[in-house]
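Residue numbers (my numbering): 735 to 1224.
Even for Gly, the Cβ is constructed at its ideal location relative to N, Cα and C.
Remember, it's a predicted structure, so these values are computed and weren't measured experimentally.
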Amino acid sequence: MVANASEKFTNLALKLFDINAFKFGDFKMKVGINSPVYFDLRVIISHPDVMNTVSELLLQFLNDKKTSCDHICGVPYTALPIATLVSVRDSKPMLIRRKEAKDYGTKKLIEGKYQSGDTCLIIEDVVTSGSSILETVNDLRREGIVVTDAIVLVDREQGGAKNIEQNGIRMHSLFTLSQLLDILQEAGKIEESTVKAVAKYISTCQIKADGSMVQPSSKAVNELNRLKMSFEARSNHARCPVAKRLFQLMAVKKSNLCIAVDLPKVGAILDLVMKIGPHICVLKTHIDVVEDFNENFVHSLVALAEKYNFLIMEDRKFADIGNTVSMQYGHGLYKISQWADLVTCHSLPGKGVLDGLKNGAVDYSNKGVFLLAEMSCRGNLINEKYTKDTMELAMDGSNNDFIAGIVCQNPHVVTNPGLIQLTPGVQISNTSDELSQQYSSPQSAIKEKGADIAVVGRGVTNSPNVAAAAEEYRDQLWSAYCSRIESEDE
Ligand code: S5P
């Protein structure tokens, strides 16, 4: 069946969302308030099918509008390959505007064959203020080229159209931000609260052509800043059912404490869990340090999890090829997928490790994964690019129903309010151990590092009164969370 035009637009919008060409959360922008939506259309070059559809729709749009021109010019850099495809499809010669004039040779700013008086259509990926389009237009006009129309993939509706129209250019767009939001909401991909937060941001954050805000004194805040949102509100944004459950559990139990029970004997573990159960939202295990593991032990653990209302996370840190991980998760001595609600996983092997986990679970719809984007120990080899790539993997449309959260140490790693930040390395009385572990206080973990859940191991398990210690950590962590979401500062 041949898709009709609106079906093609809908499918393209959903595909763009799936490949992370735009995201919702909290993003730093050049002007004022952080934005709840962020576009990164550079990613489409990795998806030839998307490039094909985009160029096809642009061409169709141009033909419908009967916009005639001698040349096509993409605004550098994202729109360059798009303009190339449109140029080839339409047999229209292209021009390229250099961002800087060469300091040798011809010093030309505009590459391509043209004459003064020729007309040129501008192609751009996303327009915010319109200033990038205007820079390109100005350079073309300096060469005597006539520019009257620009076409963009997405108009963020923040004043760009008006700004460029004041410079004598009509702006056409394949999508406005509102249209994209409608399509995503209709398809159940985003919540009404997301749509509202974006609408509020757009209306308060109109931008002039010079990049400044129309109302610079505006007090509006980004309502999708997860650090300021309650766990109840964030449960609506979770795409992974276990994360949704965990957010709700935390809100009901008023606990964002995860205790790591790294003890070798089942008796000691169960005894400890009975004491700390009332205070925790997650119990974290390292099942391979248990010396007398048996099936009854996991049955008892699951029963305690039900009794005290917490989730069980096996901190296995899977890090192998999919096939191996599938066996490690579902089979072997521990059969982790049968009893753990959540597991941890390194992103190192890439997408295959998540496919392996899905494969190892009987039904992964009630399971969740925390991906490690950073580690707490001194000297670890993770760098910024690794962390960023891990987040891309987490947000990928094919995985995001399986990713409950991220293990990390920084407040800017997790931007999506539906993901939970888990931060280990928390202790009240120590700042390190003798094997490179580094600790921060409960307050610092929540307020400075951006943790939603803090992991406490020896801070509780080494205490002479584990119940009282757990209660103390629970109270400190919960009040740090309350003060974080209530405070006025950014
Ligand atoms: O980066 C990390 C990730 C994890 S999951 N740093 C960590 O310490 N962990 C785990 O958190 C670690 O395996 C241990 O189970 C717990 C911290 O224990 P503690 O005794 O140092 O609080």
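Best match in the options for proximity to residue i [C-alpha to C-alpha]
i: Val-1189; options: Pro-1145, Gln-1161, Thr-812, Glu-1205; result: Gln-1161
i: Lys-1009; options: Asn-1199, Thr-1165, Asp-873, Val-1059; result: Asn-1199
i: Asn-1043; options: Ala-1185, Asp-1075, Thr-928; result: Asp-1075
i: Lys-999; options: Cys-974, Asn-1028, Leu-980; result: Asn-1028
i: Ile-1003; options: Lys-988, Ile-1021, Ile-767, Pro-1012; result: Ile-1021
i: Leu-750; options: Arg-1112, Ala-994, Ser-769, Leu-775; result: Leu-775
i: Thr-929; options: Cys-939, Ile-941, Ser-946, Leu-911; result: The sequence shown places Val at residue 929, rather than the Thr named in the question. For Val-929, the nearest C-alpha among the options comes from Leu-911.
i: Phe-709; options: Gln-940, Val-1023, Val-860; result: Nothing in the structure corresponds to residue 709, since the chain is present only between 735 and 1224.
i: Phe-1234; options: Leu-887, Thr-818, Leu-855; result: Within the shown structure, residues of the chain are numbered from 735 to 1224, placing residue 1234 beyond reach of any answer.
i: Asn-1133; options: Leu-1017, Ser-1166, Ser-1099, Val-1059; result: Ser-1099
i: Lys-1041; options: Pro-1012, Glu-920, Asn-1057; result: Pro-1012
i: Val-1194; options: Glu-920, Ile-1014, Asp-798, Cys-803; result: Ile-1014
i: Asp-1123; options: Phe-1136, Val-1148, Lys-1101; result: Val-1148
i: Asn-1093; options: Lys-847, Gln-919, Gln-1062, Gly-759; result: Gln-1062
i: Val-1036; options: Lys-1018, Asp-1097, Tyr-1207; result: Lys-1018
i: Gly-846; options: Cys-974, Ser-907, Leu-874; result: Leu-874
i: His-781; options: Asn-754, Lys-842, Lys-1119; result: Asn-754
i: Asn-803; options: Val-777, Ile-885, Arg-831; result: Going by the sequence as given, residue 803 is Cys instead of Asn. Closest option to Cys-803, Cα to Cα, is Ile-885.
i: Lys-988; options: Tyr-848, Tyr-1207, Thr-1121, Gly-922; result: Tyr-1207
i: Arg-831; options: Gly-851, Ala-1095, Ser-1174, Val-809; result: Val-809
i: Thr-801; options: Ile-898, Ala-985, Asn-745, Ile-903; result: Ile-903
i: Ile-1046; options: Met-785, Ala-977, Leu-868, Leu-914; result: Ala-977
i: His-1146; options: Arg-960, Thr-870, Ser-1163; result: Arg-960
i: Thr-744; options: Ala-921, Trp-1212, Val-771; result: Ala-921
i: Gln-908; options: Ala-747, Leu-1038, Asp-783; result: Before going further, note that residue 908 is Leu rather than Gln in the sequence given. For Leu-908, the nearest C-alpha among the options comes from Ala-747.
i: Val-932; options: Ala-943, Pro-770, Gly-1066, Val-822; result: Pro-770
Three-way DSSP call (helix, strand, coil) for residue i in this model
i: Asp-883; result: strand
i: Tyr-1120; result: helix
i: Asp-824; result: helix
i: Val-736; result: Only weak support is given to the placement of Val-736: the predicted model assigns it a pLDDT of 46, under 50, and the value that follows is read from those uncertain coordinates. DSSP places Val-736 in coil when its eight states are reduced to three.
i: Asp-944; result: coil
i: Met-1008; result: helix
i: Lys-1051; result: strand
i: Met-1109; result: coil
i: His-1033; result: helix
i: Asp-1089; result: helix
i: Pro-770; result: strand
i: Ile-924; result: coil
i: Asp-859; result: strand
i: Lys-749; result: helix
i: Ser-1221; result: coil
i: Gly-1152; result: coil
i: Gly-1102; result: strand
i: Thr-938; result: helix
i: Phe-1027; result: coil
i: Cys-1216; result: helix
i: Phe-981; result: helix
i: Gly-808; result: strand
i: Ser-907; result: strand
i: Val-1141; result: strand
i: Thr-801; result: coil
i: Phe-761; result: strand
i: Asp-783; result: helix
i: Ser-1132; result: coil
i: Asp-916; result: helix
i: Asp-889; result: strand
Sequence-distant residues of its chain with Cβ nearer than 8 Å to residue i (five each side left out)
i: Gly-945; result: Lys-764, Val-765, Ser-863, Ser-865
i: Phe-1031; result: Val-1000, Ile-1003, Leu-1004, Val-1024
i: Ile-1055; result: Pro-1083, Gly-1086, Val-1087, Gly-1090
i: Asp-824; result: Leu-793, Leu-796, Ile-806
i: Phe-981; result: Phe-965, Glu-966, Arg-968, Ser-969, Ala-972, Ile-1154
Same chain, Cβ closer than 6 Å to residue i, neighbours up to 5 away in sequence not counted
i: Ala-1185; result: Gln-1155, Thr-1157, Ala-1179
i: Gly-1191; result: Ala-994, Asp-996
i: Arg-1112; result: Ser-1170, Gln-1172
i: Gln-1210; result: Pro-1176
i: Glu-1048; result: Thr-1019, Ile-1021, Ile-1070, Ala-1074, Val-1077
7 Å Cβ shell around residue i - same chain, five flanking residues per side excluded
i: Tyr-1215; result: Asn-990, Ile-1180
i: Met-735; result: Low local confidence applies: a pLDDT of 40 at Met-735 is under 50, so the model's placement there is unreliable, with the coordinate-based value given in what follows. Correct list: empty, nothing qualifies.
i: Lys-742; result: Thr-787, Leu-791
i: Asp-1026; result: Lys-999, Val-1000
i: Ser-1110; result: Gln-1143, Pro-1158, Gly-1159, Gln-1171, Gln-1172
Q.
For the region 967-980 against the region 912-929, do three or more pairs of beta-carbon atoms, one drawn from each stretch, fall closer than 8 Å, so that the two count as touching?
A. With the cut-off at 8 Å, the region 967-980 and the region 912-929 touch.
Q. Taking three-plus beta-carbon pairs below 8 Å as touching, is the region 1069-1089 in contact with the region 1100-1111?
A. yes
Q.
Across the region 807-822 and the region 846-859, are there enough close Cβ pairs to call them in contact, namely three or more that are closer than 8 Å?
A. yes
Q | Cβ pair count under 8 Å reaching 3, the region 929-940 against the region 884-903 | A | Result yes; three or more Cβ-Cβ pairs closer than 8 Å.
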